[in-house]
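Peer 1:
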Amino acid sequence: MTTRAVEVTEFGDAGTMTVREVEPPEPEAGEVRIEVRAAGINFADIMQRRGHYHGGPEPPYRPGMEVAGVIDAVGEGVDRETGEAVVSLVDGGGYAGYAVADARGLLEIPGEMGFEAAAGFPVQWLTAHNCLFEWGDVEAGETVLVHAAAGGVGSAAVQLADEAGAEVIGTASTDEKLATASDLGMDHGIRYTETDFVDRVEEFTDGEGVDLVLDGIGGETTDRSLDALRSFGRMVSFGAA
């Protein structure tokens, strides 16, 4: 049996990717093989392909770090059944017909969720969760500023922060994006293309500043975000888009 897999032959644009016929990987002890129905495409994948991702793979390599599909084979010591619908992070090779994953990191896909939606879950939501709770230590009653609040990580962070009882301020480039973030739980929106977000943060917080900033933009946004923090506030920088 063979399957198709995408391979990056050299650093560069999308033209460096090619589709090859390959042997499907075999699961080792503690792993499962997933018949891939959908694979997530992340900014990290693009950065890796361009050669700008710290610690990323060297060409030739097979990209893709999150997949959704059906368990097709199990390795030794794995208490899983073939046919289970799961989503998982993978150590590369997700852009393929089959991929192997650590069985400990599998998440079952709810019956009402499709494979495409599930494949977009792990990287965005786990990043948002870690930024808020593992590194940001957000608590109920605090105020959080989420940059790019309608983006992948941003929209997840808005929902998680709102659920945790935080007041959420978000930035976005258009009114449409702000409306999306508001529907997800954002309390105050800032269209940064028309106004200075630091000035608006001061208005929303009565000059106190926010307790936590999630910054996935970098550059000048990071510098200005420091001015939006209250005394002893925290900022988590990730991604650097």
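In our numbering, the protein residues as written are 180 to 420. Ideal placement from N, C-alpha and C gives every residue a C-beta, glycine not left out. Computed from a predicted structure; not experimentally measured.
1. Go to aspartate 251, then tell me how far its beta strand (DSSP E) extends in each direction, as first and last residue.
2. Evaluate the contact criterion for the segment 239-256 versus the segment 267-283: three or more CB pairs, one atom per stretch, below 8 Å.
3. Quick check on this structure: which residue in Glu399, Leu391, Phe376 and Arg403 has the alpha carbon closest to the alpha carbon of aspartate 316?
4. Whole angstroms is fine: what's the gap from glycine 418's alpha carbon to isoleucine 396's?
5. Identify, in the order they occur along the chain, each residue of the same chain with its Cβ nearer than 6 Å to the Cβ of glutamate 255, setting aside the five sequence neighbours on each side.
6. For valine 215, would you say it is in contact with chain D, using Cβ-to-Cβ distances shorter than 9 Å as the test?
7. Does the segment 188-200 come within contact of the segment 222-234, defined as at least 3 CB pairs closer than 8 Å?
8. Less than 8 Å between C-beta atoms, sequence neighbours within five positions excluded: which residues of the same chain meet that for threonine 353?
9. Which runs of the beta strand (DSSP E) at least 3 residues long sit entirely within the segment 209-295? Give them in chain order.
10. Buried or exposed for asparagine 309, going by 16 or more other Cβ atoms inside 10 Å?
11. Looking at alanine 307: is its Cβ nearer than 9 Å to the Cβ of valine 279?
12. State the Cα-Cα distance for the pair aspartate 402 and arginine 216, rounded to the nearest angstrom.
Peer 2: Taking the structure as given:
1. Start and end: 245-253.
2. yes
3. Leu391
4. Straight-line Cα distance between these residues: approximately 7 Å.
5. The answer, listed in chain order, is Ala208.
6. Absent from the structure: chain D. Only one protein chain is present.
7. yes
8. Arg370 and Thr372
9. As far as the segment 209-295 is concerned, its whole beta strand (DSSP E) runs of at least 3 residues are 210-218, 245-253, 264-268 and 277-281.
10. exposed
11. no
12. So the two alpha carbons sit approximately 41 Å from each other.
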